[in-house]
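Just so you know, this note's numbering puts the end of the sequence shown at 52, numbered straight through with nothing missing.
Positions of the beta carbon are idealized from the N, C-alpha and C atoms, including for glycine.
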Amino acid sequence: EVQDGYNAEDLIPFLKSLQLFTSLIRENLSFADKKEFVRKKNI
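As C-alpha cells, this is what we get:
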C-alpha cells in the first residue's frame, strides 16, 4: 500500500540516491579496511 502523495515516480530519485549512498559507504569501508590492512602489515 502506497501512501497518498507518493507514487513509483517519486520513489525513483530516492532509490537512485540511496544506491549512490550505499555504494559510497561500501567504497569507504573497503578503503578503511585496506588502510587497516596496510597498518597491520607494517607493524
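In the DSSP assignment, find the alpha helix (DSSP H) that holds residue i and state where it starts and stops.
i: N16; result: Per DSSP, N16 belongs to no alpha helix (DSSP H) and is neither H nor E.
Is residue i helix, strand or coil by DSSP?
i: I21; result: helix
i: I7; result: There is no way to answer for residue 7, as the model of the chain reaches only from 10 to 52.
Answer yes or no: does any C-beta atom of chain C fall closer than 9 Å to that of residue i?
i: R48; result: Annotation note: the requested chain C is absent from the structure, which comprises a single protein chain.
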